[in-house]
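Residue numbers (my numbering), protein chains in the order written: chain A, 3 to 116; chain B, 872 to 980.
Glycine residues also receive a C-beta, built at the ideal position from the N, C-alpha and C atoms.
Below: one structure, written as structure tokens.
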Amino acid sequence: NAGVMQNPRHLVRRRGQEARLRCSPMKGHSHVYWYRQLPEEGLKFMVYLQKENIIDESGMPKERFSAEFPKEGPSILRIQQVVRGDSAAYFCASSLASSTDTQYFGPGTRLTVL
Amino acid sequence: GQNIDQPTEMTATEGAIVQINCTYQTSGFNGLFWYQQHAGEAPTFLSYNVLDGLEEKGRFSSFLSRSKGYSYLLLKELQMKDSASYLCAVQTGANNLFFGTGTRLTVIP
Chain A
3 NAGVMQNPRH LVRRRGQEAR LRCSPMKGHS HVYWYRQLPE EGLKFMVYLQ KENIIDESGM
63 PKERFSAEFP KEGPSILRIQ QVVRGDSAAY FCASSLASST DTQYFGPGTR LTVL
Chain B
872 GQNIDQPTEM TATEGAIVQI NCTYQTSGFN GLFWYQQHAG EAPTFLSYNV LDGLEEKGRF
932 SSFLSRSKGY SYLLLKELQM KDSASYLCAV QTGANNLFFG TGTRLTVIP
């Protein structure tokens, strides 16, 4: 049973470009979460989605950041007009049936903004 | 505000026992999780406590006291591969995990 998959594992962008991060949850999981981890800091919650719905985006910056989890296909975290401060590891997690179930994490996407 | 406190770094000897403490103040509580994270890798689930007491799983045990806002992770018979960061996280009343900054454990021969 494949775990949570994320791609790309490493992404380099220049300031002003767009970054698209993809996450495929574990098989059978319908709840997806995105977290950001800055160097030497803890994981910070960004957004929680179910299929076709954003449930909680309280941790996501209001500008430049968006997330979706379409009926078909992976969840996408999109960062427009990236800045150097967006450089971080972005982790996706999924859970089975509710937000109180155990969250299993993917390997992360390391975004570097030049 | 919300806060989770863990020691930043710990060192222990191979074969020994180490206890990693975590204290928390959060706006809600639906359970406490411990994750292990090796450098550059995904956090992997270790344990979950929602009721007071000790949960044992092989070489790892986790304890919770909700009245004290306190948990610890106990690692026995340490192995070199246990060198990693250990993350304490609280499932708050909302839909997400609130993480501490993690404890970096170094196991020495």
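- Assignment of Lys928 of chain B by DSSP, reduced to helix, strand and coil, places it in the strand class.
- In the three-state scheme derived from DSSP, where H, G and I count as helix and E and B as strand, Met881 of chain B is classed as strand.
- In terms of beta-carbon proximity, Gly971 of chain B lines the interface with chain A, with at least one pair separated by less than 7 Å.
- Nearest to Arg38 of chain A by alpha-carbon distance, out of A:Val49, A:Ile56, A:Gln19 and A:Asn55, is A:Val49.
- Rounded to whole angstroms, Gly110 of chain A and Ile891 of chain B show a C-alpha spacing of 25 Å.
- Looking at the backbone, the Cα of Ala960 of chain B and that of Arg937 of chain B are separated by about 14 Å.
- One finds nothing in chain A with a Cβ atom closer than 9 Å to the Cβ of Pro878 of chain B; even the nearest lies about 13 Å away.
- Scanning its chain for C-beta atoms nearer than 8 Å, with the 5 sequence neighbours on each side dropped, one finds around Thr915 of chain B the residues Tyr906, Gln907 and Gln908, in chain order.
- Listed as beta-bridge partners of Val889 of chain B by DSSP are B:Leu946.
- Per DSSP, the beta bridge partners of Leu976 of chain B are B:Met881 and B:Ala955.
- Between the C-alpha atoms of Gln877 of chain B and Phe904 of chain B there is a straight-line separation of about 13 Å.
- The C-beta distance from Leu23 of chain A to Tyr92 of chain A rounds to 5 Å, short enough to meet the 8 Å contact threshold.
- Distances from the alpha-carbon of Gly108 of chain A to those of A:Leu79, A:Arg86, A:Gly44 and A:Ser26 put A:Ser26 closest.
- The alpha-carbon separation between Thr963 of chain B and Tyr895 of chain B amounts to approximately 11 Å.
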